[in-house]
Every structure is written in structure tokens, then in C-alpha cells.
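Residue numbers (our numbering): 4 to 324.
Report on the structure given below.
Next up, the structure:
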């Protein structure tokens, strides 16, 4: 799929070192900024500005949200992006939301935009903390792309439930209108609060490692990678190295981990994974994978990734076959 060296071999997920330099040259045919954030029911315009950032050389911006408030997030995001980008598609299921933006002149480049959703339960009504996934399928500049924003069941012990939800979401999205003659997606991206926790470590030893910038010692205890290694979920997907601190759970309004009576074990609940199903034709490079630590309005930190795609020349395709 690409020439990045894996740092860890997993049965399901290939962990990649990210190359932080992207010069937005002709070497890439499509650059995508990917963002996921569990908002904890709160939002401000300033946070959205910080979330998106001022450097907008990317073509597509994909924002997946969980526990989004009742506020019109679509309108706020469009206001933030107005100088450079327009909304190409959105999918909303109460608090689980997904938005795709493209450059101002890009509407003609976006075709076959479809949306879908799949609920797996959770709290609705007044709380609106829906569990499940929303998705957008889009053909942009000839790339067939699927983006999925999801929120899975919480708590450390619900591993099998999360695995089952991943499988149901994968099989259900876009299945109703499935055209057996339509070409499949070339690239699929999952963004979301997948809610996988750390297994086999208490909160104070985990926090001590994080405090000493040794969070890499916790990666072997990450449930998501463990379940992928067992072949239960995300077989064939890629993810960047977990170099940033666990993104959950923080005290709201600070960058301090949970000091409530539960003193939860920190965890990388918020993730971005991608899969290239047309690897003989498309080269994918992950340029960054990081958390946005200076946003403090939620008990989760947002996570961002920068993914660039390039169509392989025919000669290169034949050589790699």
C-alpha cells in the first residue's frame, strides 16, 4: 500500500510511523485532514477554529464528532471554514456527526455523495449521547472514499460488545442500497470514540508512565490493538503510532486527568484508522497523527491525522504487482 515502515506488526492493524513533512507538492493527488472529537456536549466557535487550524493546504477536511451538543455545529463549522472551504456532505444521528469539506471551487469534483447511519443503542432523548455510526461515501477527484464517525459502548469490560458493534456497523452501512455492479470504496476511514481502554494496569501506574513521557509503555495494554491482533476487528487497517498521551479522561477545563472519585485509567479512546482496498493503484502516506491538547472544553482531547493519496503510475503498478 505504501512504503512507510511498520513500527509494530499486528494481525489486524498495521502501525505506521508518520512522516510529519508534507509540502503539498504534485507528489500527492489528494491531501485529507481528518479530525475526531468527543465534545462532551460542549462547543465554542474558538474551539472549532483551534480544531481546524490556520494551515489549510489540505483539500478535504473530514470532521467526525461524538457527544455533539444541540447547537448547530454544521453552521458553526461552515462559518469557520468559509474563507477556504465549502461543505460537501454531512451525516447526523443526534450526537454522532460527520462533515466533509472541500475547497471553494470543488463542488464539481465531488460526485456520488451518499450518507448512511447505524444505531447500536445508547442514550437518546434529552441526553442525546447516541451510540453507533454515521458515514459519508463520496467520489472526489476520482477517489472512491468512505468516512465513518462512530461512538461505541463505554467501560473497560465491554470489549466484546465493542467488537460486535464494529462488525455490525461495517456490514450494515450502505448495505440497503448496495449495487453489486458499483465499484467498491478504494479508501475507508474510521474516526471516533471507539472507547477501547487499557487492560491490565491501574490508574496510578499508568499516570506515572504518562507523566514521565513513557506512554509508549502502555501501548501493549491497548484493547483496540489487542483485539485487532486477535483478528476480531479492523483487519487490514492502518493507524499512526500512538506517540501522543491518552486522550481520555480529563477534567473539563484543564489538561489534568480525571480527579473524580472514579479516577479513571487514561486511555486512547479516540482513534483514526484507514484502509486502502485498491493498494495496487493507490499509494497512501500518513503525514501526522496527533492530539490537540490545548482544547480543554471536553473530557476528551481531539485527535487529528493528515493523510495523502497518490495514484500510482501504470508502470509502478505493474512493478508492484
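The beta-carbon is built from N, C-alpha and C at its ideal position, and this holds for glycine as well.
Since we're looking at a predicted model, the values are computed, not measured.
Where does residue 188 sit, in a helix, a strand or coil, going by DSSP? Your numbering for residue 188 matches position 185 in the chain shown. In the structure shown, residue 188 sits in coil (DSSP, three-state: anything other than H, G, I, E or B).
task = Could you tell me the distance, in whole angstroms, from the CA atom of residue 141 to the CA atom of residue 215?
result = Taking the first residue of the chain shown as position 1, residue 141 is located at position 138. Taking the first residue of the chain shown as position 1, residue 215 is located at position 212. Approximately 43 Å, taken between the alpha carbons.
- prompt: Within this structure, are the beta carbons of residue 120 and residue 33 separated by less than 9 Å?
  reply: As a working note, residue 120 is residue 117 in the chain shown. As a working note, residue 33 is residue 30 in the chain shown. No.
- request: Could you work out which residue in 191, 59, 229 is closest to residue 199 when comparing CA atoms only?
  value: Against the chain shown, residue 199 aligns to sequence position 196. Among 191, 59, 229, the Cα nearest to that of residue 199 belongs to 229.
query = Is residue 221 near residue 231, with beta carbons less than 9 Å apart?
reply = The residue labelled residue 221 in the question sits at position 218 within the chain shown. The residue labelled residue 231 in the question sits at position 228 within the chain shown. Their beta carbons are not under 9 Å apart, which means residue 221 does not touch residue 231 by this criterion.
Is DSSP giving residue 269 helix, strand or coil here? Taking the first residue of the chain shown as position 1, residue 269 is located at position 266. The answer is coil: DSSP assigns residue 269 none of H, G, I, E or B.
* residue 170 burial status per 10 Å Cβ neighbour count (16 or more: buried) -> Position 167 of the chain shown, counting from 1, holds the residue named residue 170. Under this definition residue 170 is an exposed residue.
Requested in this report: Could you pull out every residue in the same chain whose Cβ sits closer than 6 Å to the Cβ of residue 162, ignoring the five residues on either side in sequence?
Outcome: What you label residue 162 is simply residue 159 of the chain shown in a count that begins at 1. Excluding residues within five positions, the ones whose Cβ falls inside 6 Å are 226.
| So, residue 175 versus residue 67, is the Cβ gap smaller than 9 Å? | Reading the chain shown from its first residue, position 172 is the one you call residue 175. Reading the chain shown from its first residue, position 64 is the one you call residue 67. No. Outside cutoff.
Let me know the secondary structure DSSP gives residue 30 once reduced to three states.
The residue you call residue 30 lines up with position 27 of the chain shown. Residue 30 falls in the coil class under three-state DSSP.
Alpha carbon of residue 279 to alpha carbon of residue 299, nearest angstrom | To locate residue 279, count along the chain shown from 1; it is residue 276. To locate residue 299, count along the chain shown from 1; it is residue 296. Taking the straight line from one Cα to the other gives about 33 Å.
* Hey, which unbroken runs of the beta strand (DSSP E) at 3 residues or more fall wholly within the segment 160 to 234? -> 190 to 196
_Helix, strand or coil for residue 49? Go by DSSP, reduced to three states._
On the chain shown, residue 49 is found 46 positions in, with the first residue counted as 1. Residue state, collapsed to three classes: helix.
Problem - In DSSP terms, what residue 69 is bridged to - result: The residue labelled residue 69 in the question sits at position 66 within the chain shown. Answer is 41.
Buried or exposed: residue 273, going by 16 or more other Cβ atoms within 10 Å of its Cβ? As a position in the chain shown, residue 273 is number 270, starting the count at 1. Label assigned to residue 273: buried.
Report the CB separation of residue 284 from residue 315 in whole angstroms; it is logged as a contact under 8 Å. Within the chain shown, the letter at position 281 stands for residue 284. Within the chain shown, the letter at position 312 stands for residue 315. Confirmed, about 6 Å.
> Which one of 105, 271, 22, 100 has the shortest CA to CA distance from residue 302?
Replying inline: As a first step, residue 302 is located in the chain shown; it is residue number 299 there, counting from the start. With distances taken between Cα atoms, residue 302 lies closest to 271.
* Asked: So what's residue 315 in DSSP terms, helix, strand or just coil?
  -> Walking along the chain shown from the start, residue 315 turns up at place 312. Three-state DSSP puts residue 315 in coil, outside helix and strand.
- Determine the burial state of residue 207: buried for a count of at least 16 other Cβ atoms within 10 Å of its Cβ, exposed for fewer. Taking the first residue of the chain shown as position 1, residue 207 is located at position 204. Counting Cβ neighbours within 10 Å, residue 207 comes out exposed, since fewer than 16 surround it.
What first and last residue would you give for the beta strand (DSSP E) that runs through residue 147? By 1-based counting over the chain shown, the position of residue 147 is 144. From DSSP, the beta strand (DSSP E) with residue 147 extends over 146 to 154.
Checklist entry - Is there at least one non-hydrogen atom of the ligand FMN closer than 8 Å to the beta-carbon of residue 243? => result This structure lacks the ligand FMN; in fact it carries no ligand of any kind.
Rank 30, 17, 36 by C-alpha distance to the C-alpha of residue 291 and give the top, closest one. Locating residue 291 in the chain shown gives position 288, counting from the first residue. Here the closest residue by C-alpha is 36.
- Counting pairs of Cβ atoms below 8 Å between the segment 234 to 244 and the segment 254 to 269, do you hit three or more? no
Just the C-alpha distance for residue 249 and residue 136, rounded to the nearest angstrom, thanks.
Along the chain shown, one-based indexing puts residue 249 at 246. Along the chain shown, one-based indexing puts residue 136 at 133. Rounded to whole angstroms, residue 249 to residue 136 spans 22 Å at the Cα level.
Do you know offhand how far residue 52's Cα is from residue 116's?
For the purposes of this step, residue 52 is identified with residue 49 of the chain shown, where counting begins at 1. For the purposes of this step, residue 116 is identified with residue 113 of the chain shown, where counting begins at 1. Computed Cα separation, rounded: 26 Å.
Starting from residue 3, trace the beta strand (DSSP E) both ways and give me its first and last residue. Because the chain in this structure spans residues 4 to 324, residue 3 falls outside the shown range and cannot be described.
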